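Number of protein chains: 2
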Amino acid sequence: MQMQFEDIDRIAEGAAFLGTGGGGDPYMGSLLCKQAFRRYGAPTIVDVQDLDDNANVYVAAMMGAPSVMLEKLMDVRELDDAVSALERYTGKPADVILAAEMGGSNSMLPVALAAERGLPLVDGDGMGRAFPELQMVTYHVMGVNASPMAMANEHGEVVLIDARDSQQTEMKGRQMVMQMGGRAAISLYPMSGADAKRAVIGGTLTLARDIGRALLEGRAEGNAFERLLRFLRGTEYYRHAEVLFEGKITDLQRNVTGGFTQGLCEITGSNDSDTRMSIQFQNENLVAYKNGKLAAVVPDLICILDAETAAPITSESLKFGQRVKVIGASVPPIMRSQAALDVFGPQAFGLKEPFVPLETLISPSGTDIQNVAND
Amino acid sequence: MQMQFEDIDRIAEGAAFLGTGGGGDPYMGSLLCKQAFRRYGAPTIVDVQDLDDNANVYVAAMMGAPSVMLEKLMDVRELDDAVSALERYTGKPADVILAAEMGGSNSMLPVALAAERGLPLVDGDGMGRAFPELQMVTYHVMGVNASPMAMANEHGEVVLIDARDSQQTEMKGRQMVMQMGGRAAISLYPMSGADAKRAVIGGTLTLARDIGRALLEGRAEGNAFERLLRFLRGTEYYRHAEVLFEGKITDLQRNVTGGFTQGLCEITGSNDSDTRMSIQFQNENLVAYKNGKLAAVVPDLICILDAETAAPITSESLKFGQRVKVIGASVPPIMRSQAALDVFGPQAFGLKEPFVPLETLISPSGTDIQNVAND
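So the sequence lines, in the order shown, correspond to chains U and D.
Be aware that the first sequence starts at 5, since it is given in my numbering, and climbs by one per residue.
Be aware that the second sequence starts at 5, since it is given in my numbering, and climbs by one per residue.
Structural data, given as structure tokens:
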């Protein structure tokens with residue numbers, strides 16, 4: 005399937021939603037995509053199950069603090085440098101490009117790279133959302149090593165890390181990304197087509213596109229939230245979806261620490277100023293409490309959107325006084341296995357909460373009876 | 005010229021002297037050399053001026069805090085991993101091995117690697133001594149980039165750094181070496197034979213061997229200091245050589261900070277307890293003050309030896325109460341050029357002293373009249 009030029013804005017919009025605050029602003033990525041499409045044409049999207057078992061699948065992404073990425077724009081050349089360095093190291097040319105996450109800029113950058121390289125792009129990723137650390141993908145959960153990983157920056161500098169496991173790759177890479185200027189283009193998790201078939205969450209690129217379409221078309225029609233929820237509820241992955249809260253941002257703590265944009269956002273209810281939602285983030289939104297009670301927690305999606313336009317808001321763009329709606333949504337079952345929760349469940353982020361599926365959290369209030377009945 | 009088995013102990017002894025406290029204890033390196041010689045035979049030593057202009061010259065060394073190296077022994081396999089990773093990255097097989105420094109373990113490790121690989125070893129290095137940072141070599145002074153550099157550790161992990169200059173390579177590598185366990189085998193400054201001819205200080209391997217022979221034979225005859233000084237004064241490089249102080253270590257501050265063994269050693273005079281020498285080190289001894297007056301400063305050599313056996317003492321082996329002699333010696337002219345002093349002169353170490361050649365510092369007292377007259 006050939007990608008369309010109009011898909012770029014849709015994917016950017018959908019990826020901003022799935023980014024749950026992290027992954028970097030997809031707008032920058034969408035500009036790179038448009039430039040690449042105009043120069044090299046649109047890439048072909050392939051179903052992961054159609055890959056040749058021996059295909060060399062290369063993951064391309066960006067690593068670092070989204071706050072830094074806003075100030076230092078990424079060039080496709082840097083991504084290309086990272087992939088080239090990894091090709092040189094492994095001795096295997098890239099046959100197909102794969103995204104690490106379908107959230108934020110990291111959903112757009114592989115599209116731009118695939119266009120520039122004239123390579124097909126897998127319809128899928130390793131989480132169907134965004135996460136802050138390299139090992140937080142189904143690739144790692146399914147036994148693929150993040151190493152060897154190549155990193156490249158705007159000075160043409162390259163660093164290659166061949167660590168014993170994905171966790172070590174993350175630790176060494178995180179240290180290095182600060183030395184490389186706060187953010188770097190990376191290529192990692194080199195895998196075979198056979199590995200990709202069992203480790204990739206398929207279909208998430210087209211899902212992001214269709215989420216984006218629902219948002220964009222709904223915005224034009226003035227019913228974006230309705231369109232969004234209706235679409236999500238019709239999908240296999242995100243079918244438990246609900247507006248968790250509506251209000252105004254009344255407190256915001258945000259720091260760039262250890263290579264992450266970390267902090268806390270507090271929202272005061274629109275209709276009842278005694279109700280409050282507090283959301284903790286580390287690049288991505290990790291956990292939401294409503295009046296001190298758990299409302300949603302990773303790996304389920306917690307998305308903060310502009311209350312009027314339904315535009316998804318990234319962690320570094322949250323502003324005091326913003327009127328927002330918070331949407332919670334379920335994630336694919338592969339993301340909720342015990343092995344997966346060990347890697348990107350609440351404990352992996354140092355939260356004390358156990359994982360509770362969103363559908364369980366919202367069902368007692370009766371707001372989601374219909375979906376629960378469908379289970 | 006074929007190396008001899010007996011040369012190992014001599015080079016180890018000479019390199020301990022030239023290490024001026026740093027570079028790691030050459031004893032460990034000498035054991036690796038003996039093992040490699042027994043298994044693979046001794047390597048051939050080649051004059052740098054005899055290299056083919058197109059030869060691929062690979063530098064092998066160890067990076068990290070000597071204090072850590074004492075606890076985590078190095079294996080030749082790690083050096084081999086580093087060189088192999090660099091070969092894979094550059095696409096050029098190593099034709100000849102070169103040392104970075106002729107001080108401490110870093111003088112021995114390339115010998116062991118050359119033996120194991122069956123490759124010739126250059127008679128020379130980039131400083132005729134030891135220094136704590138990667139860019140502190142004549143290779144960098146003469147315009148060769150330390151990058152690409154490969155790093156390897158005992159877990160089989162490899163990191164490749166391709167930075168824009170030697171200073172950036174040092175910064176990125178220093179950060180990474182802590183993540184890799186405090187020390188790592190490295191291969192860096194890949195250069196052509198033509199580059200080596202202008203950037204290498206030739207003859208330092210055989211000089212280290214002959215310094216070692218003077219020390220070992222002199223020790224057996226009971227006149228090690230006499231033999232040592234006589235030999236040094238007969239060389240082109242180290243001809244200004246003098247005992248700067250004799251006494252007992254009465255104060256010692258030592259920390260492993262930022263990947264270095266750093267500190268201060270104070271020595272109280274044997275004959276006159278009112279006289280004091282204080283020596284500051286960062287792996288290597290950097291500056292010596294006698295009663296508060298500058299006595300010697302980098303890049304000139306400041307060596308602390310056991311007062312009885314004339315055994316060179318490394319910074320991490322200095323002990324309270326030790327009776328020692330401090331020897332100062334000049335370095336090759338290429339090490340004292342302004343370009344060289346910019347890289348490893350006193351200011352490069354944050355010292356406020358300007359560089360003053362040892363022969364100038366010792367001549368007013370009349371102790372070195374003879375050598376000065378020969379200038």
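Just so you know, even glycine gets a beta-carbon here, dropped at the ideal spot from N, CA and C.
Note that this is a predicted model, so its numbers are computed, not measured.
Per DSSP, cross-strand counterpart(s) of residue i
i, result
"residue 155(U)", "163(U), 190(U)"
"residue 63(U)", "102(U), 192(U)"
"residue 402(U)", "Outside the displayed span of chain U (5 to 379) sits residue 402(U), for which this structure offers no information."
"residue 338(U)", "Bridge partners of residue 338(U): none, in fact."
"residue 316(D)", "309(D)"
"residue 49(U)", "125(U)"
"residue 301(U)", "291(U)"
Terminal residues of the beta strand (DSSP E) in which residue i lies
i, result
"residue 292(U)", "288 to 294"
"residue 329(U)", "327 to 333"
"residue 310(D)", "305 to 310"
Counted within 10 angstroms of its Cβ, other Cβ atoms place residue i as buried (16 or more) or exposed
i, result
"residue 356(D)", "exposed"
"residue 9(D)", "exposed"
"residue 57(D)", "exposed"
"residue 378(U)", "In this prediction, residue 378(U) scores a pLDDT of 38, lower than 50, which makes its location untrustworthy; no coordinate-derived value is stated."
"residue 159(D)", "exposed"
"residue 224(D)", "exposed"
"residue 77(U)", "exposed"
"residue 287(D)", "buried"
"residue 327(U)", "exposed"
"residue 89(D)", "buried"
"residue 5(U)", "exposed"
"residue 325(U)", "exposed"
"residue 343(U)", "exposed"
"residue 20(D)", "buried"
"residue 23(D)", "buried"
"residue 313(U)", "exposed"
"residue 151(U)", "buried"
"residue 277(U)", "exposed"
"residue 358(D)", "exposed"
"residue 97(D)", "exposed"
"residue 323(D)", "exposed"
"residue 230(D)", "exposed"
"residue 122(U)", "exposed"
"residue 199(U)", "buried"
Boundaries of the alpha helix (DSSP H) in which residue i is found, first to last residue
i, result
"residue 366(U)", "362 to 366"
"residue 176(U)", "170 to 183"
"residue 204(U)", "Per DSSP, residue 204(U) belongs to no alpha helix (DSSP H) and is neither H nor E."
"residue 32(U)", "30 to 44"
"residue 345(U)", "342 to 348"
For residue j and residue i, believed in contact at Cβ under 8 angstroms, the rounded distance
i, j, result
"residue 219(D)", "residue 91(D)", "37 angstroms between Cβ atoms; not a contact."
"residue 64(U)", "residue 101(U)", "6 angstroms"
"residue 161(U)", "residue 340(D)", "About 32 angstroms; that fails the 8 angstroms criterion."
"residue 30(U)", "residue 125(U)", "Not quite, the Cβ-Cβ distance comes to about 15 angstroms (not below 8 angstroms), so this is no contact."
"residue 302(U)", "residue 348(U)", "6 angstroms"
"residue 197(D)", "residue 61(D)", "6 angstroms"
"residue 52(U)", "residue 206(U)", "5 angstroms"
"residue 248(U)", "residue 331(U)", "7 angstroms"
"residue 318(U)", "residue 194(U)", "That pair is no contact at about 29 angstroms."
"residue 308(U)", "residue 283(U)", "7 angstroms"
"residue 26(U)", "residue 134(U)", "4 angstroms"
"residue 69(D)", "residue 186(D)", "6 angstroms"
"residue 246(D)", "residue 366(D)", "5 angstroms"
"residue 73(U)", "residue 110(U)", "Rounded, the Cβ-Cβ distance is 10 angstroms, inconsistent with contact."
"residue 1(D)", "residue 362(D)", "A question about residue 1(D) goes unanswered here, because the residues of chain D that appear run from 5 up to 379."
"residue 28(D)", "residue 108(D)", "5 angstroms"
Jot down the residue ranges of each uninterrupted beta strand (DSSP E) in the region 213 to 299 of chain U, minimum 3 residues, whole runs only, in chain order. 245 to 261, 264 to 273, 280 to 286, 288 to 294
Taking the runs of the beta strand (DSSP E) that are 3 residues or longer, which of them lie wholly in the region 67 to 102 of chain D? none
Could I get the ranges of all uninterrupted beta strand (DSSP E) runs contained in the region 104 to 149 of chain U, with 3 residues as the minimum, in chain order? none
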